[in-house]
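All you need for the working numbering is the position in the sequence shown, starting with 1, plus 279.
In what follows, a single structure is set out as structure tokens and then discussed.
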Amino acid sequence: MDSLNAMNKKICVLNDKKTITNVFWTGGWDSTYMLIKLLKQNKTVQPIYVIDNGRASRNNEMLAMAEILKHLENLGGEVLPIVQININEIKENEEISNSYKNLCKKVRLGSQYDWIARLALEYPGIAMGIEKPNGEFSGCLAAIEKTGKLIFKDGVGFIDVNHSSQDCINIFGNVCFPIIELTETDMVKDIKEWGLEKVMKNIWFCHAPINGIPCGTCRPCQQKMECKMNFLLPPKSQLRYKIFHLIERTIGKSSAKLYSKFIHSHYFHFFHYN
Ligand SMILES: [Zn+2]
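Structural data, given as structure tokens:
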């Protein structure tokens, strides 16, 4: 009970300026946009970064966040120093892990939702950067749709405990969703209106950067271009994207894949940069 009381003390109240809003931050588009939005609402934001050594992009995410932090000072609100938590140190919880397994029987749900729910017990109300899907599958939203219900307060989504299964409450009940009603297009519009394209240029999204800049051909790079987020890719990366698509349209998918493989190879680097 004592530990429960201690947890409750950490509860963030989203609309109270004096309280701390905990957010999961990865340095990617969604979570960075969410952090900026909360700052613009004058919130005191506590970013939580979960260290997963198995994640190939870890170093890039850390670098992206360090760079972004340099530009957040004049937005309003306050960013507290990032709390880093090792994924292996998140407390086990059998009930939550069983609920995760139960949800997995009904819908394809990423393994992160097990540890996110366990960590959210210690940071109740922690904000997750899940956007409104634009046609693509979202395991999180599919699970909520099948086993529970969201309610909204000032655009922030919460699990409706009166109309959700215990499994749904166990997994999503301690998190909130401040950007779940926004599409990527809505967010791009805001970022442009706020004049923060330069800040967002530092986010991490490319799976396989070439000499430190986005490759232009991996799926996340393509998605950014498709969503009119060209400003995130330097001209060189945009050119690679255009070549990739020209090859795909005129010769075929497998040739475009070969082109992508080539530009990621040491051979390409040798001729390109020597
Ligand atoms: Zn890429």
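The C-beta atom is built at its ideal place from N, Cα and C for all residues, glycine as well.
Keep in mind it's a predicted model, so treat the numbers as computed, not measured.
Please classify residue i as buried or exposed, where buried requires at least 16 other C-beta atoms within 10 Å of its C-beta.
i	result
residue 375	buried
residue 453	buried
residue 363	exposed
residue 345	exposed
residue 430	exposed
residue 474	exposed
residue 457	buried
residue 326	buried
residue 541	exposed
residue 359	exposed
residue 516	buried
residue 534	exposed
residue 340	buried
residue 291	Residue placement at residue 291 is poorly supported in this model, since its pLDDT is 43, which falls under 50; the coordinates are not used for a value here.
residue 333	exposed
residue 389	exposed
My output table needs one value for residue i: the three-state DSSP class, helix, strand or coil.
i	result
residue 502	helix
residue 429	strand
residue 357	strand
residue 301	strand
residue 523	helix
residue 530	coil
residue 328	strand
residue 369	coil
residue 363	strand
residue 315	helix
residue 447	helix
residue 406	strand
Considering only the alpha carbon of each residue, which of the options lies closest to residue i?
i	options	result
residue 484	306, 475, 449 and 433	306
residue 320	299, 333, 332 and 421	299
residue 520	510, 531, 496 and 530	496
residue 354	338, 333, 324 and 308	324
residue 450	512, 489, 431 and 381	381
residue 477	533, 405 and 308	308
residue 352	480, 365, 327 and 322	322
residue 331	315, 347 and 391	391
residue 399	522, 414 and 366	366
residue 554	503, 417 and 523	The shown model of the chain, from 280 to 553, leaves out residue 554, and the question about it has no answer.
residue 414	502, 317, 508 and 403	502
residue 545	447, 489, 504 and 534	489
residue 421	533, 500 and 384	384
residue 342	317, 491 and 469	491
residue 378	441, 339 and 448	448
residue 406	317, 472, 357 and 528	317
residue 506	349, 543, 350 and 465	465
residue 461	408, 437 and 304	408
With residue i and residue j assumed to form a contact (beta carbons below 8 Å), what rounded beta-carbon distance in angstroms separates them?
i	j	result
residue 424	residue 463	Residue 424 to residue 463, Cβ: 20 Å. No contact.
residue 314	residue 302	6 Å
residue 493	residue 512	5 Å
residue 510	residue 480	7 Å
Assuming contact is defined by CB atoms lying nearer than 7 Å, are residue i and residue j in contact in what I supplied?
i	j	result
residue 455	residue 435	yes
residue 337	residue 372	no
residue 432	residue 443	no
residue 369	residue 394	yes
residue 538	residue 526	yes
residue 311	residue 482	yes
residue 508	residue 467	yes
residue 426	residue 446	yes
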